[in-house]
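Colleague: The structure is given below, and queries will be raised subsequently.
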RNA sequence: GCCAACGUAGCUCAAUGGUAGAGCACUGGUUUUGUAAACCUGAGGUUGGGGGUUCAAGUCCCCCCGUUGGCUCCA
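In this note's numbering, the protein residues as written are 61 to 702.
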């Protein structure tokens with residue numbers, strides 16, 4: 061007799077070797093139908109798995125996160141079966157689940173096109189309708205390797221598989237079979253045929269290695285039911301509406317042109333947001349004791365030999381030659397900053413020396429990498445270099461973290477992840493100096509009580525670093541800030557300072573960025589706010605809408621009053637009806653619409669309509685100006701008045 | 001850079017190989033309006049660029065540029 065204990069402590073018994081499903085049937089037919097897999101003693105197994113001895117049983121259904129993942133993984137196999145039925149010469153490579161779906165990498169000379177998706181889905185629905193069982197076949201590694209001797213991909217998978225038992229799954233009338241660790245759903249019919257969709261196809265290198273063959277990666281998704289699939293598709297639509305490239309056009313924030321691929325053109329509206337960010341940035345940096353400099357964009361090639369960029373980075377740099385002298389367009393700001401440092405002699409008494417630069421850099425990225433403002437070839441780094449003595453490093457890093465917390469908070473990013481990257485194999489500098497630097501970074505994080513993840517061996521060749529990844533309102537992660545200790549540059553540029561003992565020493569250099577790339581940060585902000593900027597960032601903060609042209613004089617006086625108060629305001633004096641003006645104001649994401657007619661003119665009032673809302677509120681002009689000023693000062697996202 | 005798809009008016013999109021259109025925006029006019037789009041009118045295009053096939057190309061073929069989705073890389 062075999063026994064299984066349920067989570068509630070009750071025990072069910074069955075014949076030795078009976079399947080997990082046989083046991084679950086004892087609990088109830090409904091559960092047996094809903095079950096996709098089971099956990100026996102913490103190990104996830106197929107329902108067909110025989111039970112011997114005693115154990116603990118947890119039934120997994122599609123409702124569990126684990127169950128959904130199994131549904132998707134099995135769905136990847138069903139898609140593979142469908143593709144093999146349509147293209148018998150297709151070779152299967154690897155088909156894992158990913159967030160919200162799955163993909164299957166396929167080696168096939170004929171291109172799979174979006175027009176083929178419907179055919180693939182149709183075939184998948186047939187396979188699901190046939191409700192064939194998933195049959196697990198186990199064998200030893202050698203036997204499996206012999207079986208797959210003609211398939212280099214599966215042979216590779218067998219070699220990389222953990223454990224001694226290699227398993228295959230067979231389903232479908234045609235005897236479709238694929239190497240897989242499992243577990244899988246009991247029958248193809250366990251999947252809701254209305255809840256699947258083939259999403260896209262893209263190229264992917266085998267093993268992610270650009271020197272290997274390019275495979276076709278077919279992405280699909282699978283949900284518990286049609287409702288969930290539809291919700292997912294709606295979510296994608298919503299995300300698309302937030303796309304900063306779409307909103308950037310709608311709000312006339314920026315544009316791109318063939319004449320400068322990867323170079324953003326900022327329009328007047330975009331510049332307002334840009335300048336608001338920078339104005340705030342300067343204020344905070346002043347508060348934290350930074351000086352600001354500006355160094356040239358184009359510098360003699362020799363500088364880049366000295367900095368090491370020419371050796372490590374020249375494929376990504378732009379060059380220009382004038383009068384037979386070659387110049388490089390800077391990909392980083394540090395070499396210029398070091399020339400500024402070396403322009404005068406330094407004492408430890410000046411330290412820590414914090415020097416910031418909003419530096420425009422160019423990096424030649426491969427064409428396939430560009431993406432709106434988020435990935436460009438020209439961008440502005442909010443850079444800074446801190447020069448200090450070794451014993452000051454940790455306190456300086458703490459100071460940078462404080463600055464980061466303050467700035468991210470102002471933009472509504474409360475949730476971020478921190479990673480500490482340590483010494484890579486290829487590095488310069490002694491182990492002692494690496495240890496000192498890594499301790500400084502770790503010590504700063506521990507002093508702040510911040511949780512962090514360690515990326516062993518992922519630091520730059522010149523020093524360890526801390527990276528900050530923020531989460532936006534859609535839960536997507538973006539790397540923004542970075543703090544790096546650099547041992548290379550101070551030596552290459554022979555930086556010195558006079559130490560308390562009157563000897564010349566090499567300073568420690570901290571290289572840091574808070575927002576990373578301002579262009580990219582603007583793109584992230586647009587998506588984070590879906591274009592609904594808080595008042596302090598909004599290109600147009602208030603718009604006066606007249607009921608008719610009879611109120612134009614009042615509107616003009618009101619506009620002058622708002623502008624005098626420093627508000628970015630305009631007036632819509634056209635002969636459109638008020639409904640049309642309001643609709644346009646909402647569409648253009650104006651935070652405050654001030655409706656004025658004879659009534660308001662008489663009482664010195666404005667009727668305020670809030671962006672995205674139907675509610676209106678009539679207040680005096682002074683009250684409105686004061687409320688708006690307070691919102692701007694607070695950097696709040698809330699528009700409504702108390 | 002690699003694989004695939006796409007590129008039509010300022011924007012969003014139509015157009016079996018047979019005269020390139022619509023909505024919004026824009027021009028001029030009518031209307032003087034009270035809370036999510038009044039009406040009329042006009043203008044706007046070497047269909048990304050270049051070559052080819054054809055009596056005829058937005059549409060088919062080739063090359064280039066750009067964009068999109070991924071891979072790789074990264075701020």
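Just so it is clear, CB atoms sit at the ideal spot from N, CA and C, and this is done for glycine as well.
Note that the structure is a prediction, hence the values are computed from the model and not measured.
For the stretch 606 to 656, list the alpha helix (DSSP H) runs that are entirely contained and at least 4 residues long, ordered along the chain.
Modeller: The qualifying runs are 612 to 624, 638 to 647.
Colleague: Kindly indicate which three-state DSSP category residue 534 falls into: helix, strand or coil?
Modeller: Numbered from its first residue, the first chain carries residue 534 at position 474. Note: residue 534 maps to coil in three-state DSSP.
Colleague: In the DSSP assignment, what are the bridge partners of residue 197?
Modeller: In the first chain, the residue the question calls residue 197 occupies position 137. According to DSSP, which records beta bridges pairwise, residue 197 is partnered with 228.
Colleague: Cα separation between residue 394 and residue 364?
Modeller: Taking the first residue of the first chain as 1, we reach residue 394 at position 334. Taking the first residue of the first chain as 1, we reach residue 364 at position 304. Each residue's alpha carbon lies about 11 angstroms from the other.
Colleague: Do residue 633 and residue 676 count as a contact pair if the criterion is CB distance below 8 angstroms?
Modeller: Indexing the first chain from 1 puts residue 676 at position 616. Indexing the first chain from 1 puts residue 633 at position 573. In this structure, residue 633 does not lie closer than 8 angstroms to residue 676 by Cβ.
Colleague: In this structure, does DSSP put residue 511 in helix, strand or coil?
Modeller: As a working note, residue 511 is residue 451 in the first chain. DSSP places residue 511 in coil when its eight states are reduced to three.
Colleague: May I ask which residues mark the beginning and end of the alpha helix (DSSP H) holding residue 699?
Modeller: In the first chain, residue 699 corresponds to position 639, counting from 1. Premise fails: residue 699 is in no alpha helix (DSSP H) and is neither H nor E.
Colleague: Identify, in the order they occur along the chain, each residue of the same chain with its Cβ nearer than 8 angstroms to the Cβ of residue 510, setting aside the five sequence neighbours on each side.
Modeller: Counted from its first residue, the first chain places residue 510 at position 450. Only 461, 478 meet the Cβ criterion.
Colleague: Measure how close the beta-carbons of residue 158 and residue 127 come, nearest whole angstrom, since I'm counting them as under 8 angstroms.
Modeller: For this step, residue 158 is matched to residue 98 along the first chain. For this step, residue 127 is matched to residue 67 along the first chain. Not a contact, Cβ separation roughly 17 angstroms.
Colleague: Can you give me the start and stop residues for the beta strand (DSSP E) that residue 667 sits inside?
Modeller: The sequence position of residue 667 within the first chain is 607, counting from 1. Its beta strand (DSSP E) spans residues 665 to 670.
Colleague: So, helix, strand or coil for residue 581, using DSSP?
Modeller: Along the first chain, read from residue 1 onward, the residue named residue 581 stands at position 521. The answer is helix: DSSP assigns residue 581 an H, G or I state.
Colleague: Excluding sequence positions up to five away, which residues of its chain have a Cβ less than 8 angstroms from the Cβ of residue 621?
Modeller: Taking the first residue of the first chain as position 1, residue 621 is located at position 561. Counting only Cβ-Cβ distances below 8 angstroms, and skipping sequence neighbours, we find 681, 685.
Colleague: Distance check for residue 610 and residue 529, CA to CA, integer angstroms please.
Modeller: As a working mapping, residue 529 is identified with position 469 in the first chain. As a working mapping, residue 610 is identified with position 550 in the first chain. Cα to Cα, residue 529 sits roughly 53 angstroms from residue 610.
Colleague: Less than 6 angstroms between C-beta atoms, sequence neighbours within five positions excluded: which residues of the same chain meet that for residue 412?
Modeller: In the first chain, the residue the question calls residue 412 occupies position 352. The answer, listed in chain order, is 446, 448, 452, 456.
Colleague: Leaving aside the five residues before and after residue 61 along the sequence, list all residues of the same chain whose C-beta is less than 6 angstroms from its C-beta, in chain order.
Modeller: For the purposes of this step, residue 61 is taken as residue 1 along the first chain, with counting starting at 1. 73, listed in sequence order.
Colleague: Tell me whether the stretch 159 to 176 and the stretch 140 to 148 touch, counting them as touching only if at least three CB pairs, one residue from each stretch, are closer than 8 angstroms.
Modeller: The stretch 159 to 176 vs the stretch 140 to 148: in contact.
Colleague: Tell me which same chain residues have a C-beta within less than 7 angstroms of the C-beta of residue 83, skipping the five on either side of it?
Modeller: Within the first chain, the letter at position 23 stands for residue 83. Taken in chain order, the residues that qualify are 64, 72, 74, 111, 117.
Colleague: Can residue 183 and residue 166 be called in contact, C-beta distance under 8 angstroms?
Modeller: For the purposes of this step, residue 183 is taken as the residue at position 123 of the first chain. For the purposes of this step, residue 166 is taken as the residue at position 106 of the first chain. Not in contact: residue 183 and residue 166 (Cβ atoms no closer than 8 angstroms).
Colleague: Report all residues from its chain with a CB closer than 8 angstroms to the CB of residue 255; omit the five preceding and five following residues, and keep chain order.
Modeller: One-based indexing of the first chain puts residue 255 at position 195. Taken in chain order, the residues that qualify are 282, 283, 284, 285, 286, 288, 289.
Colleague: Residue 329 bridges to which residues according to DSSP?
Modeller: Translated into positions along the first chain, residue 329 becomes position 269. Answer by DSSP bridge pairing: none, since residue 329 is not bridged.
Colleague: Anyone know if the C-beta pair for residue 755 and residue 377 falls short of 8 angstroms?
Modeller: Summary: the structure shown does not reach residue 755, with the chain confined to residues 61 through 702, and so no result is reported for it.
Colleague: Assuming residue 482 contacts residue 506 (C-beta within less than 8 angstroms), just tell me the rounded distance between them.
Modeller: Counted from its first residue, the first chain places residue 482 at position 422. Counted from its first residue, the first chain places residue 506 at position 446. Contact doesn't hold; Cβ gap of about 15 angstroms is too wide.
Colleague: Between residue 578 and residue 337, how many whole angstroms is the CB-CB distance? I'm expecting something under 8 angstroms.
Modeller: Along the first chain, one-based indexing puts residue 578 at 518. Along the first chain, one-based indexing puts residue 337 at 277. Between residue 337 and residue 578 the Cβ distance is about 7 angstroms, and since that is below 8 angstroms, they are a contact.
Colleague: Measuring CB to CB, does residue 635 end up less than 8 angstroms from residue 584?
Modeller: Numbered from its first residue, the first chain carries residue 635 at position 575. Numbered from its first residue, the first chain carries residue 584 at position 524. Going by C-beta atoms, residue 635 is not nearer than 8 angstroms to residue 584.
Colleague: Determine which residues share a DSSP beta bridge with residue 549 and list them.
Modeller: Counted from its first residue, the first chain places residue 549 at position 489. Paired residue(s): none; residue 549 is not in a bridge.
Colleague: With DSSP collapsed to three states, give me the class of residue 76.
Modeller: What you label residue 76 is simply residue 16 of the first chain in a count that begins at 1. Reduced to three states, the DSSP call for residue 76 is coil.
Colleague: Let me check one thing: in DSSP terms, what residues is residue 97 bridge-paired to?
Modeller: Position 37 of the first chain holds residue 97. Paired residue(s): 120.
Colleague: Does the structure place the stretch 87 to 102 close enough to the stretch 231 to 246 that three or more beta carbon pairs sit under 8 angstroms?
Modeller: Verdict: yes, contact present.
Colleague: Let me know the secondary structure DSSP gives residue 362 once reduced to three states.
Modeller: Taking the first residue of the first chain as position 1, residue 362 is located at position 302. DSSP places residue 362 in helix when its eight states are reduced to three.
Colleague: Among 527, 485, 486, 674, which has the Cα closest to the Cα of residue 476?
Modeller: One-based indexing of the first chain puts residue 476 at position 416. Of 527, 485, 486, 674, the residue nearest in Cα terms is 527.
Colleague: Would you check if there are 3 or more beta carbon pairs closer than 8 angstroms linking the stretch 199 to 216 to the stretch 100 to 110?
Modeller: Too few Cβ pairs lie closer than 8 angstroms, so no.
Colleague: Would you check if there are 3 or more beta carbon pairs closer than 8 angstroms linking the stretch 187 to 207 to the stretch 231 to 244?
Modeller: Counting Cβ pairs under 8 angstroms, three or more are found: they touch.
Colleague: Suppose you measure from the CA of residue 225 to the CA of residue 214; what does that come to, to the nearest Å?
Modeller: For the purposes of this step, residue 225 is identified with residue 165 of the first chain, where counting begins at 1. For the purposes of this step, residue 214 is identified with residue 154 of the first chain, where counting begins at 1. Their Cα atoms are separated by approximately 15 angstroms.
Colleague: Are the Cβ atoms of residue 650 and residue 667 separated by less than 8 angstroms?
Modeller: Here residue 650 is taken as the residue at index 590 of the first chain, counted from 1. Here residue 667 is taken as the residue at index 607 of the first chain, counted from 1. No, Cβ-Cβ distance for residue 650 and residue 667 is not below 8 angstroms.
Colleague: If you measure between the beta carbons of residue 547 and residue 586, is that distance less than 8 angstroms?
Modeller: Taking the first chain and counting its residues from 1, one reaches residue 547 at position 487. Taking the first chain and counting its residues from 1, one reaches residue 586 at position 526. No, Cβ-Cβ distance for residue 547 and residue 586 is not below 8 angstroms.
Colleague: Do the stretch 556 to 565 and the stretch 270 to 282 meet, that is, are 3 or more Cβ pairs less than 8 angstroms apart?
Modeller: Verdict: no, contact absent.
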